[in-house]
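S.K.:
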Ligand SMILES: Nc1ncnc2c1ncn2[C@@H]1O[C@H](COP(=O)(O)OP(=O)(O)OP(=O)(O)O)[C@@H](O)[C@H]1O
Ligand SMILES: [Mg+2]
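Chains as they are written, first to last, in our numbering: chain A, 1 to 358; chain B, 1001 to 1261; chain C, 2001 to 2304.
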């Protein structure tokens, strides 16, 4: 009864094309934003910021990037982490080598650098599809991490490529505490999520989905495959690049190339599968789920083991974690290929009829 | 029979041959298409009809032959160039964008005409937004024309076959094409749906003067709505002319008697 | 020159291993159109089953048979619980499901059999062959040669299986045309289960050989990743392609590892080892740009 669009007649196409056409959605989003910007900073504690909220937002951004490429444009990528690495190292180098460059400009430049690298590794997509392309992105994954390890210039000659992010100063104010960093990340992520949503509902988003669903037909309606695919690679890599920069500057503080491993790429892929391939909301839900699951298992497994008098150690917990991840992926692909985002939508539809189911 | 004035030749296919490995899909085929006419291509299964359409808008590249379009001669078309030149089409096996709504599918038909770049779109900034609305209005006209208002927001994958065919026609019409290629638009439809589809095709031809090239197995329909007919068999042209002429052509009769449908 | 030949031969022999893993991929891809990312995990799992059984006191031959039975059960279970539920889904979805399957196996296997590194003892020594060393001075390992021999034997057995048995012919028919296969009267599900079992067998052989060489450990799963460029070179559907592709990748990555880093070090200074890690992928990519259909694949134009 409360979630109803009845009575909300759209008198113009403009009203119908709002970013959130249903009033209750608008209210819900506003409430979440107010909570995120006001309530959480007021009441949140250090642990929440550092261990949960900041990584959640950063991974959601990376998942958003991968979702643009894989979910919207249908180009499977197994190398998302490598583009994060490009972003992290690029931001570091811009700060290091360009005198007086504002940090936000560094972040943008980091995104652009990642986008350029993304375009290079996207070039094969013009000739190959599907699994073949997955191999191209694996090439990116291994090659980029190798370069970052082997070319000392990129990490300012630090041993084995470890870099320590510089301080974050914006308009003379230093973002030092976890709360401040959280707010910075939040602003960037919200802005970029809005932009992603706008692209998804514009002609570029439709072009991506058209290429994903039926490339021959897309070409026949006049969509240029090359332009569309490369733009997807560029935009996706931009998002991953900015996420990587935030990962280094606002989350870990210091990173090494091996931290951006194939495992991390898979983790991001899992986020979009679980959250919902080809949805903006799904990137956030998936990131939250994949991030919270290990925490949940770490707490509950020893407890269950104790209950059953089974021996359990750290290694076993991590094996079970791997296994649960795998099982979940299969489960979602079989039961709900559109992920948590679809479940959420179904829930809303039920709510719409409630309390009169027929 | 529609009554609009048929114009000059706008599309001339000259000696087209197309092979896939050892399979000769088309052998030395020539025919022309006049402005505003409804041109049918018929023939038994595997005759090369779909291949012919694919050659016309550049999905397949013929090994030999030329395509002269509005006086400009070239060896083969490119799909997106053909789209820019005003070709739109439907496919034998529906090729809609399955993950998108009816509205979005139709909107892709207008992608070519949308000019604002992706940065403006990301910001939903003035021109991008205005453009989106303007094209939405055009698409709504097509939706009205095809009488599919009620399924506007439905994902196309959930629609029944007949409606999907109609939406695919809608996507082609949204591009305001000057030449429309239809690959078996009525296949698998019941009588009522066929009648609707016939009416739409004739209306498009009549109201917008769109030239139509159409593949169809239903002889009744072909004889009723087309101005001229090309007949293919085993990749060769065995007949070409007005429906009545073709119907009485002995080669055509032999080809049709030799195969069952 | 002699060093070059030695490196090449060493590379070719390790390429045999890649071929074996790639072969498992090809079998499944041909019969079901599924790109099985879990093939590497299956190699690891099969090898772990063998050492696990040996640990429990079984003789090697019995352990191998038990492992084979487990792989067959695994193939049937995969078909029943995963693949069957995903028929008619786009290939990318199936591919992602096999990534999930890979994770599942990688987590489950060490829980079942323990995660310490253990060797498999096949009773073949890993010494240079004296005759070759005496006559040419080159170091060629008995083990490598034996492994190549076993791989060749396996390929021959598979070829016979596909040519001569009814099931084999049915499998070939499915690969060519699903409809045709149905008319033979073997349910598609059975065919899939069988082909996954055969792939499980191939994984077992590969796991034994790799395990005997480097010990049975998690790193075995990475062989699957190396098999991807092999498939690109050889084409996804060609058995000879998998073999030749594996040999090419094996030899070229070893040669690249030896000859490229000094050149790079000459230009930039520093240490550029580890090229092996990415070289096969980049090579496969460059190759794709020239021949998207692989060495033995046929060019295919989408039908619309
Ligand atoms: N992409 C392709 N690759 C290989 N062969 C093809 C391809 N497209 C068409 N052919 C072959 O070309 C021949 C003509 O096919 P086409 O689809 O043009 O026939 P059609 O007249 O449209 O038949 P139908 O009435 O069944 O639609 C057939 O032998 C077909 O197998
Ligand atoms: Mg046809």
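Yeah, the Cβ is synthetic: ideal placement off N, Cα and C, and Gly gets one too.
From residue 1012 of chain B to residue 1087 of chain B, what distance separates their C-alpha atoms?
M.R.: C-alpha separation (whole angstroms): 14 Å.
S.K.: Might you give, ordered along the chain, the residues of its own chain that have their beta carbon closer than 6 Å to the beta carbon of residue 1155 of chain B, omitting 5 neighbours on each side?
M.R.: Here the set comprises 1101.
S.K.: Within 6 Å: the Cβ of residue 1019 of chain B and any heavy atom of ligand 1?
M.R.: no
S.K.: Any C-beta of chain B sitting closer than 7 Å to the C-beta of residue 199 of chain A?
M.R.: yes
S.K.: Can residue 1094 of chain B be considered in contact with ligand 1, in the sense that its beta carbon sits closer than 6 Å to one or more heavy atoms?
M.R.: no
S.K.: For the beta strand (DSSP E) containing residue 1017 of chain B, name the first residue and the last one.
M.R.: 1009-1020
S.K.: Can you tell me whether residue 2263 of chain C is buried or exposed? The criterion is at least 16 other CB atoms within 10 Å of its CB, across all chains shown.
M.R.: exposed
S.K.: If we define contact as Cβ-Cβ less than 7 Å, is residue 2087 of chain C a contact residue for chain B?
M.R.: no
S.K.: Please list, in chain order, the chain A residues whose beta carbon lies closer than 8 Å to that of residue 1114 of chain B.
M.R.: 203
S.K.: Which one or two residues does DSSP pair with residue 1067 of chain B in a beta bridge?
M.R.: B/1013 and B/1074
S.K.: Mind listing the chain C neighbours of residue 1054 of chain B? Cutoff is C-beta to C-beta under 8 Å, in chain order.
M.R.: 2304
S.K.: Since residue 2040 of chain C is in the alpha helix (DSSP H), which residue starts that stretch and which ends it?
M.R.: Residues 2039-2055.
S.K.: At what residue ranges does the stretch 202-277 of chain A contain a whole run of the alpha helix (DSSP H), taking only runs of 4 or more?
M.R.: 203-213, 215-220, 225-246 and 262-275
S.K.: Spell out whether any CB of chain C is found under 7 Å from the CB atom of residue 146 of chain A.
M.R.: A Cβ of chain C is located within less than 7 Å of the beta carbon of residue 146 of chain A.
S.K.: Run through DSSP, which three-state label would residue 304 of chain A get?
M.R.: Look at residue 304 of chain A here: in three-state DSSP terms it is helix.
S.K.: Compute the beta-carbon to beta-carbon distance between residue 127 of chain A and residue 2292 of chain C, rounded to the nearest angstrom, for a pair I have assumed lies under 8 Å.
M.R.: 5 Å
S.K.: Let me check one thing: in DSSP terms, what residues is residue 1033 of chain B bridge-paired to?
M.R.: Partner(s): B/1011.
S.K.: Do the CB positions of residue 2050 of chain C and residue 2147 of chain C come within less than 7 Å of each other?
M.R.: no
S.K.: So does residue 1165 of chain B have its beta carbon nearer than 6 Å to some heavy atom of ligand 1?
M.R.: no
S.K.: Taking all protein chains shown into account, do 16 or more other C-beta atoms lie within 10 angstroms of the C-beta of residue 1117 of chain B, making it buried, or fewer, making it exposed?
M.R.: exposed
S.K.: Are the beta-carbon atoms belonging to residue 2199 of chain C and residue 2028 of chain C less than 7 Å from one another?
M.R.: yes
S.K.: Bridge partners for residue 1101 of chain B per DSSP, in chain order?
M.R.: B/1155
S.K.: For residue 244 of chain A and residue 265 of chain A, I'd like the C-alpha separation in whole angstroms.
M.R.: 12 Å
S.K.: 7 Å is my cut-off, CB to CB: does residue 1121 of chain B come that close to chain F?
M.R.: Although the question refers to chain F, the structure presented lacks it and instead comprises the protein chains A, B and C.
S.K.: Taking the alpha-carbon positions, what's the residue 1278 of chain B to residue 1123 of chain B distance?
M.R.: Lying outside 1001 to 1261, the shown extent of chain B, residue 1278 of chain B is not represented and no answer is given.
S.K.: Name, going along the chain, the residues of the stretch 2113-2131 of chain C whose beta-carbon falls closer than 9 Å to a beta-carbon of chain A.
M.R.: 2115
S.K.: Out of C/2249, C/2270 and C/2139, which one is the CA nearest neighbour of residue 2005 of chain C?
M.R.: The residue with the shortest Cα to Cα distance from residue 2005 of chain C is C/2139.
S.K.: Going by C-alpha to C-alpha distance, which of B/1211, B/1049, B/1007 and B/1186 sits closest to residue 1025 of chain B?
M.R.: B/1049
S.K.: Counting only Cβ-Cβ distances shorter than 9 Å, please list the residues of the stretch 1090-1102 of chain B near chain C, keeping chain order.
M.R.: 1091, 1092, 1093 and 1095
S.K.: Ends of the beta strand (DSSP E) at residue 1085 of chain B?
M.R.: It is not in any beta strand (DSSP E) - residue 1085 of chain B carries neither H nor E in the DSSP assignment.
S.K.: Taking a contact to mean a Cβ-Cβ separation below 7 Å, would you say residue 66 of chain A touches residue 204 of chain A in this structure?
M.R.: no
S.K.: Give the secondary structure of residue 124 of chain A by DSSP, where H, G and I count as helix, E and B as strand, and everything else as coil.
M.R.: helix
S.K.: Taking 7 Å as the cut-off, decide whether the C-beta atoms of residue 78 of chain A and residue 137 of chain A are in contact.
M.R.: yes
S.K.: CA-CA distance, residue 105 of chain A and residue 182 of chain A?
M.R.: 19 Å
S.K.: Considering only the alpha carbon of each residue, which of C/2258, C/2214, C/2226 and C/2163 lies closest to residue 2047 of chain C?
M.R.: C/2214
S.K.: Is residue 339 of chain A close to chain C, meaning its C-beta is less than 7 Å from at least one C-beta of that chain?
M.R.: no
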